[in-house]
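Colleague: Quick note: the sequence shown uses this note's numbering, first residue 2, plus one each step. Ideal Cβ positions, reconstructed from N, Cα and C, are used throughout, including at glycine. Before I ask anything, here is the structure I am working with.
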Amino acid sequence: MNDDQVPSLDINNLKVLTPLGRGAKGVVFLVQNEASNGELLALKVISRASIKKKAKKINDSDGNEYKRIMFEQEVLRRFQHPLLPKLRGVLSTENVVGYAIDYCPGRDLNYLRKKQTEKMFSNDFIRFYAAELVLALEYLHGLGIVYRDLKPENVMIQENGHLMLVDFDLSTKLSPKPLYKSPSPKTTPYPLPKKEKKRVSNFYTCCYSPISADDSVHPAESVNSEPSHETRSLTKSNSFVGTEEYVAPEMIQGNGHDFAVDWWCLGVVLHEMLYGTTPFRGINRKETFYRILSKPADLVGEPTPLRDLIRKLLEKDPKQRISVAEIKGHDFFKGVDWEKVIQISRPPYIPGRFDDDECTDCNKNIDIEDFVREVFKVDDDVSSDVMEKENGQKNILVF
Numbered sequence: 002m003n004d005d006q007v008p009s010l011d012i013n014n015l016k017v018l019t020p021l022g023r024g025a026k027g028v029v030f031l032v033q034n035e036a037s038n039g040e041l042l043a044l045k046v047i048s049r050a051s052i053k054k055k056a057k058k059i060n061d062s063d064g065n066e067y068k069r070i071m072f073e074q075e076v077l078r079r080f081q082h083p084l085l086p087k088l089r090g091v092l093s094t095e096n097v098v099g100y101a102i103d104y105c106p107g108r109d110l111n112y113l114r115k116k117q118t119e120k121m122f123s124n125d126f127i128r129f130y131a132a133e134l135v136l137a138l139e140y141l142h143g144l145g146i147v148y149r150d151l152k153p154e155n156v157m158i159q160e161n162g163h164l165m166l167v168d169f170d171l172s173t174k175l176s177p178k179p180l181y182k183s184p185s186p187k188t189t190p191y192p193l194p195k196k197e198k199k200r201v202s203n204f205y206t207c208c209y210s211p212i213s214a215d216d217s218v219h220p221a222e223s224v225n226s227e228p229s230h231e232t233r234s235l236t237k238s239n240s241f242v243g244t245e246e247y248v249a250p251e252m253i254q255g256n257g258h259d260f261a262v263d264w265w266c267l268g269v270v271l272h273e274m275l276y277g278t279t280p281f282r283g284i285n286r287k288e289t290f291y292r293i294l295s296k297p298a299d300l301v302g303e304p305t306p307l308r309d310l311i312r313k314l315l316e317k318d319p320k321q322r323i324s325v326a327e328i329k330g331h332d333f334f335k336g337v338d339w340e341k342v343i344q345i346s347r348p349p350y351i352p353g354r355f356d357d358d359e360c361t362d363c364n365k366n367i368d369i370e371d372f373v374r375e376v377f378k379v380d381d382d383v384s385s386d387v388m389e390k391e392n393g394q395k396n397i398l399v400f
């Protein structure tokens, strides 16, 4: 996508309906773009002042922070996949910078899970969402992009019921490597659907597996440790990023990591979808990291294909961890037609066009710049108080 294909957004044409969330770097708003027939967009906005303050704290140039923002926008420009966002516009004023993507009215996967009975998904729900996550990650890896922040809060549900991965500010670019060659059509790179193809009407048609949740499986053989996986990249990253309960062991160890970290994260997400909790959570960060490095995941219940897949994804040695070819050929996905997954017109859950629960502030006149300024002003005040209390102290993780 060329620069001239991505419109510049005029802040005066953006009507804020409600804040959707916030992170360490910015605030996400649901906005109506009055310059384009009131289309709904998710607008991520970052304060220029907070960028400068953060750079000053770490004795760095604020140019590096802007590079991260530009990297995320550049990544979004490259996407041509129905499970990944499209860059709908960029925003730049004297006080803020930001960008817009399509709004997902189904909110995130964690929100949907908590609406389920006992706050857990059924196997059929998990199979559909897991298949879409595999396809999205496979596409990213084909572009040489390691996502590095897969968690339910970053998995949104589109208006059509399909998933969308968002938030790429922790992603990194490695040299892509060709997919592991296989004679099976299941493991070939996933083609984007052609517009003339007929959409599959029901997700059970292509995502139903005849293996029930109670069927046992034979003890799995160890995964081949030969470097034949698609996750073996030409280079590795040594940076430490991510959300602590989802971080892969190799990232904690600091020995360099590659695409395999995303498959670890998928294992954590599937565990959370099945059990309602992440597998290695401790009482603090130190204990969580200790569990990730040394404890096996507690997969309570009879052996099933899903539990076997989770176990293989949560292999602590990235060289032994299951690859995308092996994932797509796993018994849990038996019966899945990978070429038809994203053509399904009736996924297991289809949200309304607009979730009224999110519109708690819709009648308020919210100024984007003032709102962001206040959010990060509070953060700065809290950070200053914490720094004064912890002056001279360092928190060191020892394993």
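1) For D318, count neighbouring C-beta atoms within 10 Å of its own C-beta (all shown protein chains included) and say buried if the count is 16 or more, exposed if not.
2) Since T244 contacts D150 with CB under 8 angstroms, what's their CB separation in whole angstroms?
3) Closest by CA to Y130, which one among P348, N366, A36, E375?
4) Measuring alpha carbon to alpha carbon, tell me which residue in R374, L315, W339 is nearest A326.
5) Suppose you measure from the CA of S229 to the CA of I323; what does that come to, to the nearest Å?
6) Could you pull out every residue in the same chain whose Cβ sits closer than 7 angstroms to the Cβ of I293, ignoring the five residues on either side in sequence?
7) Any idea which residues DSSP pairs A43 with across the strands?
8) One question on the structure: do A416 and V29 come within less than 7 angstroms of each other, judged by their Cβ atoms?
9) Do G99 and K45 come within 7 angstroms of each other at the CB atom, strictly closer than that value?
10) Going straight from the alpha carbon of G257 to that of P177, what length do you get?
11) Buried or exposed for Q6, going by 16 or more other Cβ atoms inside 10 Å?
12) Where does H258 fall in DSSP's three states?
13) Which residue wins for smallest C-alpha separation from E95, given the options E370, K313, L144, T19?
14) Which one of D309, C105, K320, I343 has the shortest CA to CA distance from G330?
15) Can the beta-carbon of V97 be found closer than 7 angstroms to that of V376?
16) How many Å lie between L85 and G302 at the Cα?
17) Which same chain residues, not among the five before or five after P194, have their C-beta less than 7 angstroms away from its C-beta?
18) Helix or strand or just coil, what does DSSP make of M121?
19) Is the stretch 101–110 close to the stretch 148–166, with three or more CB pairs under 8 angstroms?
20) According to DSSP, is V270 helix, strand or coil?
Modeller: In brief:
1) In the sequence shown, the residue the question calls residue 318 occupies position 317. Exposed, because fewer than 16 other Cβ atoms sit within 10 Å of the Cβ of D318.
2) What you label residue 244 is simply residue 243 of the sequence shown in a count that begins at 1. What you label residue 150 is simply residue 149 of the sequence shown in a count that begins at 1. That pair is a contact at about 6 angstroms.
3) Within the sequence shown, the letter at position 129 stands for residue 130. When only C-alpha atoms are compared, the closest one is P348.
4) As a working mapping, residue 326 is identified with position 325 in the sequence shown. That would be W339, whose Cα lies nearest to the Cα of A326.
5) Against the sequence shown, residue 229 aligns to sequence position 228. Against the sequence shown, residue 323 aligns to sequence position 322. With a pLDDT of 36 at S229, under the threshold of 50, the modelled position of that residue is not reliable, and the figure given next carries that caveat. Rounded to whole angstroms, S229 to I323 spans 11 angstroms at the Cα level.
6) For the purposes of this step, residue 293 is taken as residue 292 along the sequence shown, with counting starting at 1. So the list reads V248, P250, I253, F281, once near-sequence residues are dropped.
7) Taking the sequence shown and counting its residues from 1, one reaches residue 43 at position 42. Paired residue(s): L31, I102.
8) The chain is shown from 2 up to 400; residue 416 falls before or after that span and cannot be answered.
9) Residue 45 sits at position 44 when you count from the first residue of the sequence shown. Residue 99 sits at position 98 when you count from the first residue of the sequence shown. The beta carbons of K45 and G99 sit closer together than 7 angstroms.
10) Your numbering for residue 257 matches position 256 in the sequence shown. Your numbering for residue 177 matches position 176 in the sequence shown. Computed Cα separation, rounded: 16 angstroms.
11) Within the sequence shown, numbered from 1, the residue matching residue 6 stands at position 5. Classification for Q6: exposed.
12) Here residue 258 refers to the residue found at position 257 when the sequence shown is read from its first residue. In this structure, H258 counts as strand in the three-state DSSP scheme.
13) If you number the sequence shown from 1, residue 95 lands on position 94. Here the closest residue by C-alpha is E370.
14) Against the sequence shown, residue 330 aligns to sequence position 329. The shortest Cα separation from G330 among D309, C105, K320, I343 belongs to D309.
15) Here residue 97 is taken as the residue at index 96 of the sequence shown, counted from 1. Here residue 376 is taken as the residue at index 375 of the sequence shown, counted from 1. For V97 and V376, no; Cβs fall outside 7 angstroms.
16) Looking up residue 85 in the sequence shown gives position 84. Looking up residue 302 in the sequence shown gives position 301. Roughly 34 angstroms between the two C-alpha positions.
17) Translated into the one-based positions of the sequence shown, residue 194 becomes position 193. For P194, the pLDDT reaches just 40, beneath the cut-off of 50, and the residue's location in the model is therefore unreliable, although a value from the coordinates is still provided. Excluding sequence neighbours, P194 sits near I343, Q344.
18) For the purposes of this step, residue 121 is taken as the residue at position 120 of the sequence shown. M121: coil per DSSP, three-state reduction.
19) yes
20) As a position in the sequence shown, residue 270 is number 269, starting the count at 1. Reduced to three states, the DSSP call for V270 is helix.
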